[in-house]
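FYI, the numbering used here numbers position 159 of the sequence shown as 198, with every residue one higher than the one before it.
Some notes on the structure that comes next.
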Amino acid sequence: MRRRIAALGCLLALAAGGCAPRPEEPEGGYCVYYSALSDRFAPLPLDCEPFEGSGGDPIPALVDALLSPPETQGLASPFPEGVRLLSWEVEEGRLHLDLSEQYGGLSGVDLTVADACLTLTLCQVEGVESVYVTVEGREIPYRRVQQLGPDGLLLTDGTDVPPEEPEPSPTPPAS
């Protein structure tokens with residue numbers, strides 16, 4: 040339970056400012072992001088595997104890779120079994136993904152990690168600046184931010200966030 044709370048704090052994410060430090064992307068390919076929450080020694084809650092693709096459109100291929108189990112030990116797909124890509128469209132830099140109903144069952148840390156994996160993976164595609172996810176054509180009502188961008192993710196342990204300055208105490212008026 041403490042681990043989930045710590046992960047939630049680390050991922051607070053999609054509404055918080057800050058940038059997610061990302062592993063180096065492979066040259067000529069993509070980096071597919073997966074959950075690293077099961078690896079207690081992982082420096083971040085996400086890590087990635089290189090992906091070359093087959094030369095076709097990268098978006099469906101990357102989504103297929105995200106929904107498949109990763110090869111790297113300690114990583115896991117954050118998506119529930121049975122999630123499928125129903126449709127997708129890129130318009131003015133925004134990628135709209137419509138996913139099957141199983142995605143709608145995610146909430147809390149699980150939804151945050153899945154959103155982060157989608158966002159960091161798919162925003163590498165040329166022309167994609169943000170990701171907008173619907174489930175069976177509908178927005179997820181309890182998600183605060185519907186349009187997800189990589190710059191809105193905060194995926195650190197908080198050590199790089201400066202401590203808050205205490206409020207200065209009022210000085211008594213001179214008599």
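Virtual Cβ for every residue (Gly too), placed ideally from N, Cα, C.
Inter-residue spacing [alpha-carbon to alpha-carbon] between residue i and residue j
i	j	result
ASP149	GLY176	21 Å
VAL172	ASP137	6 Å
ILE98	LEU187	16 Å
GLY144	ARG183	16 Å
VAL129	VAL167	7 Å
VAL174	SER77	26 Å
GLU120	SER126	18 Å
Within 9 Å, strictly: CB atoms of residue i and residue j
i	j	result
SER169	THR158	yes
ARG123	LEU134	no
VAL226	LEU101	A question about residue 226 goes unanswered here, because the residues of the chain that appear run from 40 up to 214.
TYR72	GLY92	no
PRO117	CYS156	yes
ALA115	THR160	no
With 16 other Cβ atoms within 10 Å as the buried cut-off, status of residue i
i	result
PRO74	The amino acid at residue 74 is misidentified as Pro; the sequence shows Ser. The residue in question, SER74, is buried, as its Cβ has 16 or more Cβ neighbours within 10 Å.
ASP86	buried
PRO84	buried
ASP154	buried
ILE44	Bear in mind that a pLDDT of 39 at ILE44, under 50, signals an unreliable position, so the number given afterwards is only what the model happens to contain. By the 10 Å Cβ count, ILE44 comes out exposed.
THR111	exposed
GLY94	exposed
PRO109	buried
GLY191	buried
TYR181	exposed
CB contact below 9 Å: residue i versus chain D
i	result
VAL174	Of the protein chains in this structure there is only one, and it is not chain D.
Residue i - DSSP class collapsed to helix/strand/coil
i	result
ALA75	coil
PRO89	strand
GLU110	coil
VAL164	coil
GLN186	strand
GLU130	strand
Residue i Cβ short of 8 Å to the ligand ADP heavy atom set
i	result
ASP96	Among the components of this structure there are no ligands whatsoever, and the ligand ADP is therefore not found.
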